[in-house]
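Structure record follows, encoded as structure tokens.
Numbering (UniProt numbering), first residue to last: 1 to 387.
This is the structure:
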């Protein structure tokens, strides 16, 4: 219950916070679990040796309480509203009540295929990490040396998840993320099948390296593919239903592998069963997605040819009309310019007729005229007329 209340909300908030770089964000956030896997096994042994199992549980619980601080830093994102539409948006939000579980996601064929494939995958995905340590002990290795296998697995997984997130965010890979996830599951299942033939500690180390790479790829892509299929609005309901189906499969997978081990007394069959289950899930996801999830139907070739021919004809007609219109517009502009020039010439001629052709003014004559005595004997000393 505590793990579900911690894990599921963090994934939902991650989906709401990121869009373009969401694959990288998923890879980085998922890289925390292999860090704990890398350190948990030796740390658990040290705590049990120093403080006993009760003291060890208290210390681990105190470490997990730090998740409360991380959860306190998360807050819901609210879309900005304009002043005019603010009241209307609030009224609409009050009317619409969100559902805790939206079962309409089962109408989506991609979600159904993903759920079935993920349930089959989980039957065998967690079997090797559970049994690899006991497998190494059966081969005659010490407890500390056997537990080191989980540290190797977690160390490789820690770098595989962010790297896979970067690859999944590429432009060419992201639209085909479902098939990339199928390849990751196929890689994981093949590693289980080959690891079942391990006979010594070195071969188990090699198996843990390749299993860590494939396990990191699956962990980084698992929820990214679900976000791509369902979308942001229905992701909270979708992840709850998917984790419910996976939890049922987890209750069957590892106990069933343990039952097989008790019956056969051989770890090889356990790893073979886990590998077959994971490979089957990869085949189901890729095949069903290719066959049943189809893109929008494209137009037939004949229709496309006719469409292209008509488009070409239309473009030619439009170009000819445009050229004709351009010529007409040019002619009209030239005529208007000629008329304007003629009118300007007429105006200039009228002005020339009114004015004398040659006007010569002598400054000395003007001074004499202004200084000559008026009939009343006074000089015209007006500042407006004198020079």
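Beta carbons are placed, not taken as given, at the ideal position from N, Cα and C, and that holds for glycine.
Note that the structure is a prediction, hence the values are computed from the model and not measured.
- In the DSSP assignment, residue 262 falls within the alpha helix (DSSP H) that extends over 235 to 264.
- Separation of residue 201 and residue 271 (C-alpha to C-alpha, rounded to the nearest whole angstrom) is 16 Å.
- Here residue 168 is buried. Its C-beta has 16 or more other C-beta atoms within 10 Å.
- The beta carbon of residue 132 sits closer than 6 Å to those of 149, all from its chain and outside the five residues before and after it, given in chain order.
- Ranked by Cα distance from residue 165, the options 192, 181 and 155 are led by 181.
- In this structure residue 14 touches residue 26 by the C-beta definition: roughly 7 Å separates them, less than 8 Å.
- Cβ neighbours of residue 255 within its own chain (closer than 6 Å, five residues either side excluded): none.
- A distance of 8 Å or more separates the beta carbons of residue 59 and residue 49.
- Rounded to whole angstroms, the separation of the alpha carbons of residue 174 and residue 137 is 42 Å.
- According to the DSSP assignment, residue 227 belongs to the alpha helix (DSSP H) that extends over 201 to 230.
- If you draw a straight line from the Cα of residue 125 to the Cα of residue 198, it comes to about 18 Å.
- Bounds of the alpha helix (DSSP H) holding residue 118 are 109 to 125.
- Residue environment analysis places residue 7 among the exposed positions, since fewer than 16 neighbouring C-beta atoms fall within 10 angstroms of its C-beta.
- At least 8 Å separates the beta-carbon of residue 183 from that of residue 195.
- In the three-state reduction of the DSSP assignment, residue 289 falls in the helix class, which pools H, G and I.
- Contact annotation: residue 186 and residue 279 have beta-carbon atoms nearer than 8 Å.
- For the stretch 124 to 185, the full-length alpha helix (DSSP H) segments reaching 4 residues or more read 127 to 138 and 143 to 168 along the chain.
- When the beta-carbon positions are compared, residue 128 and residue 282 stay at least 8 Å from each other.
- Apart from the 5 residues on each side of it in sequence, residue 252 sits with its Cβ closer than 7 Å to the Cβ of 123 in its chain, given in chain order.
- Taking each of 261, 22 and 233 in turn and checking the Cα distance to residue 104, the smallest one comes out for 233.
- Linking residue 206 to residue 292 through their CA atoms gives a straight-line distance of about 38 Å.
- Residue 12 is positioned such that its CB atom lies no closer than 8 Å to that of residue 110.
- Judged by DSSP in its simplified three-state form, residue 23 adopts helix.
- Inclusion of residue 101 and residue 231 in the CB contact set at 8 Å is not warranted, their separation being larger than that value.
- The residue from 155, 156, 134 and 159 with its alpha-carbon nearest to that of residue 147 is 134.
- In the structure shown, residue 188 adopts helical secondary structure according to DSSP, grouped into three states.
- 277 is the residue among 246, 277 and 220 whose C-alpha sits nearest the C-alpha of residue 257.
- Out of 157, 32, 177 and 64, the CA that lies nearest to the CA of residue 226 is found in 177.
- Within a 10 Å sphere around the beta-carbon of residue 144 sit fewer than 16 other beta-carbons, which makes this residue exposed.
- Scanning 114, 139, 219 and 193 for the CA closest to the CA of residue 154 turns up 219.
- DSSP places residue 66 outside both helix and strand once states are collapsed to three, so it counts as coil.
- Between residue 163 and residue 245, the C-beta spacing is not below 8 Å.
- If you draw a straight line from the Cα of residue 285 to the Cα of residue 107, it comes to about 17 Å.
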